[in-house]
Structures are given as structure tokens and as C-alpha cells.
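All the letters of the sequence shown, read from the start, carry residue numbers 1 to 120 under UniProt numbering. Backbone N, C-alpha and C define an ideal beta-carbon position, used for all residues, glycine too.
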Amino acid sequence: MAADSPTSSTLFPTLNPNNTTSHLHLPSSTDPPSDTNPPTQKVWLVFGATGHIGRSLVKCALSHGDNVAAVGRTRENTMPQMQGWHERCLGLLCDVRVRATVRSAMERCIDRFGRIDIIV
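Structure below.
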């Protein structure tokens, strides 16, 4: 196995089959919801939200009670399509090739929801 392989034990010691203890410690935010760890509302910024995968992510996040800034492409006529998706969904347009429009989308998301937890 090459040292730079995705499963190389030098990159990810926990994937070593001879290792009986995990040295990987994840933050508590990655723990699944339970009685002692209730789910918390997240704020998503989803680029490509008008495509198939993006739209599915938006619907899934909204169904879990999260807030979403759904970003569509500027060359499409997406604003009328995005209007009224959901009260917790902010429809935005952005050309990801132009840094100023990406920054504007992020700022508008923060202005509306106060923070960004997940960017896709």
C-alpha cells in the first residue's frame, strides 16, 4: 500500500487493522442525536441548490428543521423558481466564479440566520 493511499495507516491510524484502539477523537457535534444529545438546528449554505443533488439536500435539511440559504446559478431564471420554497429557506443567486457574489451569498446567509454551520 502506498504511503499516500487513502487507507494508509500513516494518514489514518484508526484504519490500521492491527490497531485495537482508536486514536481518532471527533467533536461532540458529530455524535448522533440521542436522549442525552438532542439535535440542534443547523444553518446550511447550499450552492447548486436548484440542481438535483442540491435540491435534495435543501429538502432534507428543511425536513429536519434546519435553516437553508439555497444558492442558484445567476445565468438561470431561478429566483421565481426559488421563491416560496419554505419560510426557513433563503433563495439566493450567485456565480461561484466571481468571489464577490460568493461573499455576498455568505453575508446574506449570516444576516438572515446569524451564522453558517454547513457549506455545500
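| Item | Value |
| --- | --- |
| Using a Cβ-Cβ cut-off of 8 Å (strictly less than) and excluding sequence neighbours within five positions of Ile110, which residues of its own chain qualify? | Ile116 |
| Which residues mark the beginning and the end of the beta strand (DSSP E) in which Val43 is found? | Val43 to Phe47 |
| Taking the alpha helix (DSSP H) that Gly54 falls in, what are its first and last residues? | His52 to Ser63 |
| Could you name the residues of the same chain whose beta carbon sits closer than 6 Å to that of Asn67, not counting the 5 residues immediately before and after it, in chain order? | Val43, Arg88 and Phe113 |
| Should Ala100 be labelled buried (16 or more other beta-carbon atoms within 10 Å of its own) or exposed? | exposed |
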